[in-house]
Amino acid sequence: MRLTWISAVAVLGAVACGGGEKQAQQTETPAAGAPAAAAGGAVVEVKMTGDGSTKAAFEPATLTVAPGTTVRFVNVTGGPHNVAFWGDSIPTGAAAVLNAAMANRMDNLSGPFLTQPNESYDISFTGAPTGKYTGFCLPHLALGMKLMITVQ
237 MRLTWISAVA VLGAVACGGG EKQAQQTETP AAGAPAAAAG GAVVEVKMTG
287 DGSTKAAFEP ATLTVAPGTT VRFVNVTGGP HNVAFWGDSI PTGAAAVLNA
337 AMANRMDNLS GPFLTQPNES YDISFTGAPT GKYTGFCLPH LALGMKLMIT
387 VQ
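Just so you know, we're using my numbering here: the sequence shown kicks off at 237 and counts up by one.
Listed below in structure tokens is the structure:
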């Protein structure tokens with residue numbers, strides 16, 4: 237199920253008005269609450285960049301990883317950023333695996349906001365079905381901040 241425009245506006249409004257303060261406090265430390273990288277598994281870094289208002293991007297925006305890889309999302313510039321996935325744009329059976337791998341979720345398939353420079357968030361694809369995972373940054377979806385992870 238995709239986030240609706242109304243729910244996206246409500247989340248962004250809560251963050252802008254200070255309603256997201258509690259969440260920001262929970263994730264101020266890099267990788268706060270994020271699961272440790274899978275033992276022996278590779279770690280691939282994805283930078284979250286932008287100027288906060290006119291451009292935002294995942295770098296790289298497309299990547300291919302092996303099952304068991306941990307993808308580390310790092311807020312470089314232009315936050316707050318997060319990573320979320322559309323439930324209808326991931327492989328069958330992947331939602332439960334992703335939700336279990338996403339510590340401090342804001343919602344189904346939606347990680348917490350990263351507000352501080354160099355703050356990071358890990359998602360392990362251990363046990364994840366192979367296929368394409370389409371993700372996005374909730375605060376910057378309108379700016380086209382999308383991501384495609386292929387697990388193979």
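Cβ atoms here follow ideal geometry from the backbone N, Cα and C, with glycine treated the same way.
### Query
Apart from the five residues on each side of it in sequence, which residues of its chain come closer than 6 Å, Cβ to Cβ, to P327?
Looking up residue 327 in the sequence shown gives position 91. Non-local C-beta neighbours of P327 in its own chain, meaning closer than 6 Å and more than five positions away in sequence, comprise P365, G367, ordered along the chain.
#### Entry: Cβ pair count under 8 Å reaching 3, the region 343-352 against the region 300-308
Short answer: they don't touch.
### Query
Hey, V301 and V280: beta-carbon distance below 7 Å or not?
On the sequence shown, residue 301 is found 65 positions in, with the first residue counted as 1. On the sequence shown, residue 280 is found 44 positions in, with the first residue counted as 1. Closer than 7 Å, so yes.
### Query
Exposed or buried, which one is Q261 when buried takes at least 16 other CB atoms within 10 Å?
Here residue 261 corresponds to residue number 25 of the sequence shown, with the count starting at 1. With a pLDDT of 32 at Q261, under the threshold of 50, the predicted position of this residue should be treated as unreliable, and no value is reported.
### Message
If you measure between the beta carbons of F294 and V282, is that distance less than 7 Å?
### Response
Here residue 294 refers to the residue found at position 58 when the sequence shown is read from its first residue. Here residue 282 refers to the residue found at position 46 when the sequence shown is read from its first residue. Cβ distance < 7 Å, so F294 and V282 count as in contact.
### Query
With DSSP run on the structure shown, which of helix, strand or coil describes N335?
Reading the sequence shown from its first residue, position 99 is the one you call residue 335. N335 sits in a helix when the DSSP states are folded into three classes.
### Task
Would you kindly report the start and end of the unbroken beta strand (DSSP E) that includes A293?
The count along the sequence shown starts at 1 and reaches residue 293 at position 57. Counting along the chain, A293 sits inside the beta strand (DSSP E) bounded by residues 292-295.
### Message
Short of 8 Å in beta carbon distance, which residues of its chain neighbour P353, apart from the five on each side in sequence? Order them along the chain.
### Response
The sequence position of residue 353 within the sequence shown is 117, counting from 1. Cβ neighbours of P353 beyond the five flanking positions: N311, V312, T313, G315.
### Query
Can you check whether the CB of G371 is closer than 7 Å to the CB of L379?
As a working note, residue 379 is residue 143 in the sequence shown. As a working note, residue 371 is residue 135 in the sequence shown. No; because the gap between Cβ atoms is not below 7 Å, this pair is not in contact.
### Query
Whose C-beta lies closer than 7 Å to the C-beta of S289 among residues of the same chain, with five residues either side of it excluded?
Here residue 289 corresponds to residue number 53 of the sequence shown, with the count starting at 1. Here the set comprises nothing.
### Message
Taking 7 Å as the threshold (C-beta atoms), are A292 and M381 in contact?
### Response
If you number the sequence shown from 1, residue 381 lands on position 145. If you number the sequence shown from 1, residue 292 lands on position 56. Yes, the Cβ-Cβ distance between M381 and A292 is below 7 Å.
### Message
Assuming M342 and I359 are in contact, meaning their beta carbons sit under 8 Å apart, how far apart are those beta carbons, in whole angstroms?
### Response
Position 106 of the sequence shown holds residue 342. Position 123 of the sequence shown holds residue 359. Beta-carbon to beta-carbon, M342 and I359 are separated by about 14 Å, too far to satisfy the 8 Å threshold.
### Query
Expressed to the nearest angstrom, what Euclidean distance is found between the alpha-carbon atoms of N340 and L350?
If you number the sequence shown from 1, residue 340 lands on position 104. If you number the sequence shown from 1, residue 350 lands on position 114. Distance between N340 and L350, taken at the CA atoms: about 11 Å.
### Query
Taking all protein chains shown into account, do 16 or more other C-beta atoms lie within 10 angstroms of the C-beta of A330, making it buried, or fewer, making it exposed?
Stepping through the sequence shown from its first residue, residue 330 is reached at position 94. Classification for A330: buried.
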